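**Q**
There are 2 protein chains.
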Amino acid sequence: MQRVEALRADMFEEICPSTLLPFRIGGDKWAALVLRCLEDGPRRFSELRVPLARVSPKVLTQSLRTLERDGFVLRTQYDEPVRRVTYELTGLGRSLLEPMRLMCAWAEDHWDELLDARES
Amino acid sequence: MQRVEALRADMFEEICPSTLLPFRIGGDKWAALVLRCLEDGPRRFSELRVPLARVSPKVLTQSLRTLERDGFVLRTQYDEPVRRVTYELTGLGRSLLEPMRLMCAWAEDHWDELLDARES
DNA sequence: CGGCGCAGTTACCAATTGGGTACCGTGCAG
DNA sequence: CTGCACGGTACCCAATTGGTAACTGCGCCG
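Residue numbers (the numbering used here), protein chains in the order written: chain A, 615 to 734; chain B, 615 to 734.
1) For glutamine 616 of chain A, which residues from the same chain have a beta carbon less than 6 Å from its beta carbon, with the 5 sequence-adjacent residues on both sides left out?
2) In the DSSP assignment, find the unbroken beta strand (DSSP E) run with glutamate 619 of chain A in it and report its ends.
3) Would you mind stating whether glycine 641 of chain A and aspartate 684 of chain A have Cβ atoms separated by less than 8 Å?
4) Determine, using beta carbons only, whether alanine 667 of chain A comes closer than 8 Å to chain B.
5) Name the DSSP beta bridge partners of leucine 691 of chain A, please?
6) Below 8 Å, can you find three or more Cβ-Cβ pairs linking the region 674-682 of chain B to the region 711-718 of chain B?
7) Does any CB atom of chain B fall closer than 8 Å to the CB of methionine 615 of chain A?
8) Identify the contact partners of methionine 625 of chain A in chain B, using a Cβ-Cβ distance below 7 Å as the criterion.
9) So, at 7 Å on beta carbons, what are the nonlocal neighbours of leucine 634 of chain B in its own chain, with the 5 sequence-adjacent residues on each side left out?
10) Please say whether valine 687 of chain B and glycine 705 of chain B have beta carbons closer to each other than 8 Å?
11) Is it buried or exposed, arginine 650 of chain B, if we count other Cβ atoms within 10 angstroms and call 16 or more buried?
12) Does any C-beta atom of chain A lie closer than 8 Å to the C-beta of aspartate 642 of chain B?
13) Which residue marks the beginning of the beta strand (DSSP E) containing phenylalanine 637 of chain A, and which one marks its end?
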């Protein structure tokens, strides 16, 4: 009944030793990962916690609040008896995905050079 | 006799309320500006201080050292009797300029939306 | 009634970042 | 001999970031 696939717990297992990358997207450390989680549509808080298990609820909330404040994410609270909240990309947020992909492309292209530089 | 134009003191006067931008390039706050100063060729420490007058020498040194460590900038010390040091972009550093320009383009395109979001 | 899932919040703590001010040694120019 | 430009260091401090652990209130399930 779900419109899109669930997020996988290992979504960020292998990628992104992100300290190597000379880019940062969004205000804080986890913003880029959150944005990627929202690519396919709205997600609930607890859905986001699955791939971002390494991030404590407090920190995830912080990240989401900042993203909301800056207009990249829309938070919606449903007043069904049982509490439900979703987060989704705004137009502005979605427009960030393309630059993000370009940066990932850059990083892939220059991966070896980055590693070389760090070793010495 | 200088190969390229001097850097202007007002180079960064008007632009970049950079806290608005959802991007960060390089490890620290000033890295992006330093890279832009080196676009046209090697520069001496004191040349860099002109447009970056707001940045104390200590902080500028930090920034340059990080950029050097990460392989984006090459530091060269000349053993002429009078002390001379230059900084220039490496190939890797130069390759960062293009993504930087893309991000600036993105920022210009979405400037209004960014402002709107921040106001509310 | 007990406990669980949801969507957080609160209190507290440690590390990192960012920055100011002052100072240093060398080599010239006057 | 004095002083200045150069390319930084040394020392200290404040703010921000990132993080843990514990707790909250609500509704539901059994």
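Ideal Cβ placement from N, Cα and C applies to all residues, glycine included.
These numbers were taken from a predicted model, which means no experiment stands behind them.
**A** According to the structure data:
1) If you number the first sequence from 1, residue 616 of chain A lands on position 2. Reliability fails at glutamine 616 of chain A, whose pLDDT of 49 lies under 50, so the model's placement of it is uncertain and the value that follows must be treated cautiously. Closer than 6 Å at the Cβ level, and outside the excluded window around glutamine 616 of chain A, lies no residue.
2) On the first sequence, residue 619 of chain A is found 5 positions in, with the first residue counted as 1. Careful: glutamate 619 of chain A lies outside any beta strand (DSSP E) and carries neither H nor E.
3) Here residue 641 of chain A corresponds to residue number 27 of the first sequence, with the count starting at 1. Here residue 684 of chain A corresponds to residue number 70 of the first sequence, with the count starting at 1. Yes, they are a contact pair.
4) Numbered from its first residue, the first sequence carries residue 667 of chain A at position 53. No, its Cβ sits nowhere closer than 8 Å to a Cβ of chain B.
5) Working through the first sequence from its first residue, we reach residue 691 of chain A at position 77. For clarity, residue 691 of chain A is glutamine in the given sequence; the question names leucine instead. Its beta-bridge partners are A/Val699.
6) no
7) Mapped onto the first sequence, residue 615 of chain A falls at position 1. Only weak support is given to the placement of methionine 615 of chain A: the predicted model assigns it a pLDDT of 48, under 50, and the question is left unresolved by the model.
8) Numbered from 1 along the first sequence, position 11 holds the residue referred to as residue 625 of chain A. Proximity of chain B to methionine 625 of chain A at the Cβ level (cut-off 7 Å) is not reached, the minimal Cβ distance being about 21 Å.
9) For the purposes of this step, residue 634 of chain B is identified with residue 20 of the second sequence, where counting begins at 1. For leucine 634 of chain B, where only same-chain residues beyond five positions count, the Cβ hits under 7 Å are Leu728, Arg732.
10) Along the second sequence, read from residue 1 onward, the residue named residue 705 of chain B stands at position 91. Along the second sequence, read from residue 1 onward, the residue named residue 687 of chain B stands at position 73. It is not a contact, given that the beta carbons lie outside the stated cut-off.
11) For the purposes of this step, residue 650 of chain B is taken as the residue at position 36 of the second sequence. Result: buried.
12) The residue labelled residue 642 of chain B in the question sits at position 28 within the second sequence. So, not an interface residue.
13) Translated into the one-based positions of the first sequence, residue 637 of chain A becomes position 23. Run containing phenylalanine 637 of chain A: 637-639, per the beta strand (DSSP E) assignment.
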